[in-house]
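Numbering (the numbering used here), first residue to last: 102 to 438.
Using N, Cα and C, we set each Cβ at its ideal position, and we do this for glycine too.
Since this is a predicted model, take the numbers as computed values, not measurements.
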Amino acid sequence: MPKVVNTSRAKAAKPARPAAVKQVPPKPRAKPAIAKALSRSRSTPVVPEGSVAGRTLLLLIAIMTFLMALTLGGVVLVQKSAMGWSAEVGREVTIQIRPVEGEVMESNLRTAVALAEATPGVASAHALSEAENLKLLEPWLGAGLDLSAIEVPRLVVVELSDPEDADIAKLTEDLKAVKGASLDTHAAWRQQLNTMAGTIVVSGLLVLSLIGVATVLAIIFATRGTMASNREIVDVLHFIGASNAFIAGEFQGRFLSIGLRGGVIGGLAAILFFFLVATTVGNVAPDVAGTQIGYFFGTFALGWDGIIGIAAVVPVIAALTAITSRMTVRRFLSEIS
């Protein structure tokens with residue numbers, strides 16, 4: 102008889118194929134340093150508020166702003182004094198009458214005064230007395246000298262109502278009728294004064310530029326130092342997908358705040374400095390020294406234009422701080438990426 106095979110048992114004995122199991126890759130774990138920085142970044146800002154670098158930069162920006170405001174204020178004061186000098190000298194001309202043998206000095210003085218008063222644009226003219234002449238010579242010859250044996254030239258001071266409308270050419274021509282008379286318009290002194298004022302302004306602008314360069318360099322070093330000390334936080338931000346623009350914006354906002362606070366502190370300190378100097382220079386400096394200082398700086402009164410100029414330094418410093426820090430951060434991130 103043929104052998105019968107139980108197909109149902111054979112099928113049952115055949116081992117079943119195992120079902121396909123979907124392999125799930127293990128979840129990546131953050132490195133210990135990054136995990137630690139991530140936990141720390143939840144409670145602290147990207148750029149720490151009270152770091153040593155931040156306080157140092159705040160003090161440095163305050164000092165730089167003070168120096169810039171001090172330089173700007175000094176330039177404004179000198180410029181104001183120079184303009185005042187130039188305007189005062191420009192409103193006055195001098196007629197000098199030298200002694201001439203056979204000529205009567207008093208008669209020549211009266212003639213010169215009459216000619217000056219008849220000139221268009223002249224407000225007044227008066228001859229200085231001998232005592233006033235000697236007082237003008239005291240700074241060079243000293244006081245108490247007897248100059249009666251010396252024939253000293255006499256002066257006629259001519260006040261102009263409007264320097265632009267005064268007919269100086271006509272007065273010069275008319276004075277040819279007075280022997281020994283010459284007209285001094287003080288043009289040489291005004292030219293020297295304008296040259297000195299221009300030199301001081303250019304020097305002040307150069308100093309401002311140097312202070313600005315020093316401030317930029319300090320901000321660059323402070324920013325790179327802050328980036329290096331917060332490298333773990335930067336790595337965390339990169340790990341969670343933050344862009345370089347976002348990180349640079351965080352640093353820019355922080356340094357903008359530092360620049361504003363430092364600028365305000367330095368600007369207020371400069372204004373206070375000028376106020377204290379203006380109130381004490383007359384009491385501390387001797388009369389002669391105080392007079393000489395007053396010639397150059399006036400009364401140390403900045404005025405509204407000077408105060409506005411110093412106030413304008415504050416946003417400039419803040420913007421310079423923010424822009425420099427942003428550019429430095431982006432370059433630093435491009436180097437480490």
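Please classify residue i: is it buried, with 16 or more other beta-carbons within 10 angstroms of its beta-carbon, or exposed?
{"i": "W405", "result": "exposed"}
{"i": "V389", "result": "At V389, the pLDDT of 46 sits below 50, so the modelled position is not reliable and the matter cannot be decided from this model."}
{"i": "V430", "result": "buried"}
{"i": "A120", "result": "No answer about A120 holds up, because its pLDDT of 47 lies below 50 and its placement is not dependable."}
{"i": "G245", "result": "exposed"}
{"i": "R427", "result": "buried"}
{"i": "L373", "result": "exposed"}
{"i": "L158", "result": "buried"}
{"i": "G407", "result": "buried"}
{"i": "W186", "result": "buried"}
{"i": "D334", "result": "As written in the sequence, residue 334 is Ile, which differs from the Asp given in the question. It counts as buried."}
{"i": "A215", "result": "exposed"}
{"i": "L434", "result": "buried"}
{"i": "L272", "result": "buried"}
{"i": "I437", "result": "exposed"}
{"i": "K181", "result": "buried"}
{"i": "I251", "result": "exposed"}
{"i": "Q124", "result": "Bear in mind that the predicted position of Q124 carries a pLDDT of just 49, short of 50, making it unreliable; the figure below should be weighed with that in mind. By the neighbour-count rule (16 or more Cβ atoms within 10 Å), Q124 is not buried but exposed."}
{"i": "I411", "result": "buried"}
{"i": "K132", "result": "Caution applies to K132, whose pLDDT of 44 falls short of 50 and renders its modelled position unreliable; the model cannot decide the point."}
Kindly give me the distance between the Cβ atoms of residue i and residue j, rounded to whole angstroms, as I take these residues to be in contact under 8 angstroms.
{"i": "G360", "j": "I418", "result": "5 angstroms"}
{"i": "T441", "j": "F347", "result": "In the structure displayed, the chain extends from 102 to 438; residue 441 sits before or after that span and is not available."}
{"i": "L210", "j": "R255", "result": "6 angstroms"}
{"i": "L261", "j": "A267", "result": "5 angstroms"}
Pull up the distance between the alpha-carbon of residue i and that of residue j, whole angstroms please.
{"i": "S208", "j": "N295", "result": "37 angstroms"}
{"i": "A270", "j": "P221", "result": "11 angstroms"}
{"i": "R432", "j": "L338", "result": "17 angstroms"}
{"i": "E204", "j": "G299", "result": "45 angstroms"}
{"i": "L307", "j": "V177", "result": "15 angstroms"}
{"i": "E231", "j": "A371", "result": "47 angstroms"}
{"i": "A343", "j": "A183", "result": "57 angstroms"}
{"i": "R156", "j": "F352", "result": "15 angstroms"}
{"i": "A134", "j": "R332", "result": "No answer about A134 holds up, because its pLDDT of 46 lies below 50 and its placement is not dependable."}
{"i": "A420", "j": "M328", "result": "20 angstroms"}
{"i": "E233", "j": "F375", "result": "36 angstroms"}
{"i": "W290", "j": "E189", "result": "12 angstroms"}
{"i": "A413", "j": "M297", "result": "26 angstroms"}
{"i": "K236", "j": "L318", "result": "56 angstroms"}
{"i": "K137", "j": "N345", "result": "Only weak support is given to the placement of K137: the predicted model assigns it a pLDDT of 46, under 50, and the question is left unresolved by the model."}
{"i": "A323", "j": "L168", "result": "20 angstroms"}
{"i": "I164", "j": "F340", "result": "39 angstroms"}
{"i": "R130", "j": "S358", "result": "Confidence in R130 is poor, its pLDDT being 45 and thus under 50, which makes the residue's placement unreliable; the coordinate value appears in the next sentence. So the alpha carbons of these two residues sit roughly 36 angstroms apart."}
{"i": "T286", "j": "M206", "result": "22 angstroms"}
{"i": "G243", "j": "E274", "result": "36 angstroms"}
{"i": "V303", "j": "V314", "result": "17 angstroms"}
{"i": "S144", "j": "G305", "result": "A caution first: S144 carries a pLDDT of 44, below 50, which makes its placement in the model too unreliable to give a value."}
{"i": "L160", "j": "Q293", "result": "40 angstroms"}
{"i": "A288", "j": "L238", "result": "21 angstroms"}
{"i": "S330", "j": "D336", "result": "12 angstroms"}
If we call anything under 8 angstroms between Cβ atoms a contact, is residue i one with residue j?
{"i": "P264", "j": "R192", "result": "yes"}
{"i": "I196", "j": "A213", "result": "yes"}
{"i": "G368", "j": "V415", "result": "yes"}
{"i": "I301", "j": "V179", "result": "yes"}
{"i": "G281", "j": "V201", "result": "yes"}
{"i": "I162", "j": "T381", "result": "no"}
{"i": "V442", "j": "V259", "result": "Look at the range of the chain in this structure, 102 to 438, and you will see that residue 442 is not part of it."}
{"i": "I320", "j": "T425", "result": "yes"}
{"i": "G363", "j": "T166", "result": "yes"}
{"i": "G174", "j": "L403", "result": "yes"}
{"i": "I90", "j": "V279", "result": "Because the chain is modelled from 102 through 438, residue 90 falls outside the range shown and cannot be assessed."}
{"i": "T172", "j": "L309", "result": "yes"}
{"i": "E218", "j": "A228", "result": "no"}
Would you say the beta carbon of residue i comes nearer than 7 angstroms to a heavy atom of the ligand ZN?
{"i": "A213", "result": "Ligands displayed in this structure: none; no statement on the ligand ZN is therefore possible."}
Inset, instruction - Any chance you could list the beta strand (DSSP E) runs of at least 3 consecutive residues sitting entirely within the segment 252-317, in chain order? - result: 255-261, 282-285
Legend entry - Secondary structure, beta strand (DSSP E): runs of 3+ residues fully inside the segment 176-200: Entirely contained in the segment 176-200, the beta strand (DSSP E) runs reaching 3 residues are, in chain order, 193-198.
Legend entry - Whole alpha helix (DSSP H) elements within the segment 312-362, 4-residue minimum: 332-340
Inset, instruction - Would you mind listing the beta strand (DSSP E) stretches within the segment 199-245 that are 3+ residues and don't spill past its ends, in chain order? - result: 223-228
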